[in-house]
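Chemist: Dropping the structure in here first, questions after.
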């Protein structure tokens, strides 16, 4: 089976990020032909339109990694009822300059963990608004809103038995979504 | 009359920013006792929760300027149907660490200019969602959604005759809003 390259974008920079732990767990449940590549977004400058003509190497790297991907997974915390500025900054960079966005038509999925009981639900809605504009088709169901409770991860960062089947099911649906979207774009083009 | 200190936060970093031009025009229509201070957000690092205990000097500066302000004006472009990552990053910094946000109860107003015909309307809605969570009371009406058309600004960056009365009216309403909110918080406390 052909390899499917998935760019994974984690919205938090902190070392012990719950969302990064979730990203690592996704690797265990992904199909064998899926290659998950976690992108680095913490070394990007703050987006400034004046740099559009001469982007720095970090922006060029980000855009080429997204360009090369067959699909996208966003795993994000919720900051102040929206996505982190860190994540939006990466999205803005890769969407510019006008007409040169690399996001378009890459099938995507969204997940998130937070300490709050809404489990990043509102951040995910803002992200869906943004991705709709960028013409990124996003998996609708199942939604994954995870609250960090005792024993969500064990000491090695492994998801507990309660959540692993949920993430396995999500990944199976996401894999099907990527396949459908890829087939559709092949038929159209 | 006592001075009223307003922190002005512009969501774009580019040199010829339309929103920064609008910010400069606001100074012309503000009451004499209003002191408008444009905050610098372009030198902030990307927010990382690991730095909460030892914030850098740029973050300390931002938080102390907001803390000292009697009110806030956000002037923002719309990037991908939301606020710029640059602006969200500044908001995230000044909201942290948990329990130490400096945004709470500062009366605010929002304006925006964009080249698109919705004039930043969707970015402003996302910003309202975020500010509601941060307990920032935001002026409801009049809304200011400005589309950049021919002659919006003259060669020196002055607003044309069509828009200046609109901005004057907005500022009058905003000044009343700040006064009401300040009086309310004095009564409550």
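Residue numbers (the numbering used here), protein chains in the order written: chain A, 1 to 189; chain B, 1 to 189. Every residue, glycine too, gets a C-beta built ideally from N, C-alpha and C. None of these values were measured; they are calculated from a predicted model.
Measuring straight from C-alpha to C-alpha, what distance separates residue 2/B and residue 33/B?
Modeler: Rounded to whole angstroms, residue 2/B to residue 33/B spans 7 angstroms at the Cα level.
Chemist: What residue does the alpha helix (DSSP H) around residue 22/A start on, and which one ends it?
Modeler: Run containing residue 22/A: 18-29, per the alpha helix (DSSP H) assignment.
Chemist: Put residue 90/A into one of helix, strand or coil per three-state DSSP.
Modeler: Correct three-state label for residue 90/A: helix.
Chemist: Starting from residue 108/A, follow the beta strand (DSSP E) in both directions and report where the run begins and ends.
Modeler: 108-114 is the extent of the beta strand (DSSP E) around residue 108/A.
Chemist: Check whether the Cβ atoms of residue 123/A and residue 91/A sit closer than 8 angstroms, and answer yes or no.
Modeler: The answer is no: Cβ separation not under 8 angstroms.
Chemist: Would you mind working out which of 101/A, 132/A, 21/A, 69/A sits nearest residue 36/A, comparing C-alpha positions?
Modeler: Minimum Cα distance to residue 36/A is reached at 69/A.
Chemist: Any idea what DSSP makes of residue 98/A, helix, strand or coil?
Modeler: Coil, per DSSP.
Chemist: Quick check on the burial criterion: 16 or more other C-beta atoms within 10 angstroms. Buried or exposed for residue 78/A?
Modeler: Residue 78/A comes out buried.
Chemist: Is the stretch 134-146 of chain B touching the stretch 109-121 of chain B in the sense that three or more CB pairs, one from each, lie closer than 8 angstroms?
Modeler: Judged by Cβ distances under 8 angstroms, the stretch 109-121 of chain B makes contact with the stretch 134-146 of chain B, as three or more pairs qualify.
Chemist: Report the option in 56/A, 102/A, 16/A, 167/A whose CA atom is closest to the CA atom of residue 190/A.
Modeler: It is not possible to answer for residue 190/A, since the shown part of chain A is limited to 1 through 189.
Chemist: Rounded to whole angstroms, what is the Cα-Cα separation between residue 129/A and residue 80/B?
Modeler: Taking the straight line from one Cα to the other gives about 9 angstroms.
Chemist: Closer than 8 angstroms, CB to CB, is residue 49/A near chain B or not?
Modeler: Yes - at least one Cβ of chain B is within 8 angstroms of the one on residue 49/A.
Chemist: If I measure Cβ to Cβ from residue 126/B and keep anything under 6 angstroms in the same chain, skipping five residues before and after, which residues do I get?
Modeler: Here the set comprises 82, 83.
Chemist: Mind checking which residues open and close the beta strand (DSSP E) that includes residue 37/A?
Modeler: Start and end: 34-38.
Chemist: Under the assumption that residue 11/A contacts residue 87/A (Cβ atoms under 8 angstroms), give the Cβ distance between them as a whole number of angstroms.
Modeler: Going by Cβ atoms, the distance from residue 11/A to residue 87/A rounds to 4 angstroms, so yes, they are a contact pair.
Chemist: Determine the extent of the alpha helix (DSSP H) in which residue 130/B is found, giving its start and end residues.
Modeler: From DSSP, the alpha helix (DSSP H) with residue 130/B extends over 121-133.
Chemist: Quick one: grab the DSSP three-state call for residue 10/B.
Modeler: Here residue 10/B sits in strand by DSSP.
Chemist: Looking at the C-beta of residue 67/A, does it have a partner C-beta in chain B at a distance below 8 angstroms?
Modeler: So no, residue 67/A is outside the interface.
Chemist: To the nearest angstrom, how far is it from the Cα of residue 175/A to the Cα of residue 31/A?
Modeler: Approximately 8 angstroms between the Cα atoms of the pair.
Chemist: Pick from 135/B, 133/B, 85/B, 75/B: whose alpha carbon is nearest that of residue 113/B?
Modeler: Out of 135/B, 133/B, 85/B, 75/B, 75/B has the C-alpha closest to the C-alpha of residue 113/B.
Chemist: Since residue 75/B is in the beta strand (DSSP E), which residue starts that stretch and which ends it?
Modeler: Here the beta strand (DSSP E) through residue 75/B covers 71-75.
Chemist: Residues of chain A with CB under 7 angstroms from residue 75/B, in chain order?
Modeler: In chain order: nothing, as chain A lies at least about 16 angstroms away.
Chemist: What do you get for residue 67/A, buried or exposed, if any count of 16 or more other CB atoms within 10 angstroms of its CB means buried?
Modeler: By the neighbour-count rule (16 or more Cβ atoms within 10 Å), residue 67/A is not buried but exposed.
Chemist: Count the other CB atoms within 10 Å of the CB of residue 89/B; is the residue buried (16 or more) or exposed (fewer)?
Modeler: Residue 89/B comes out buried.
Chemist: To the nearest whole angstrom, what separates the beta carbons of residue 26/A and residue 73/A, a pair I think is in contact under 8 angstroms?
Modeler: That belief holds up - the Cβ atoms of residue 26/A and residue 73/A are roughly 7 angstroms apart, short of 8 angstroms.
Chemist: Short check: CB of residue 44/B to CB of residue 54/B, under 8 angstroms?
Modeler: No, they are not a contact pair.
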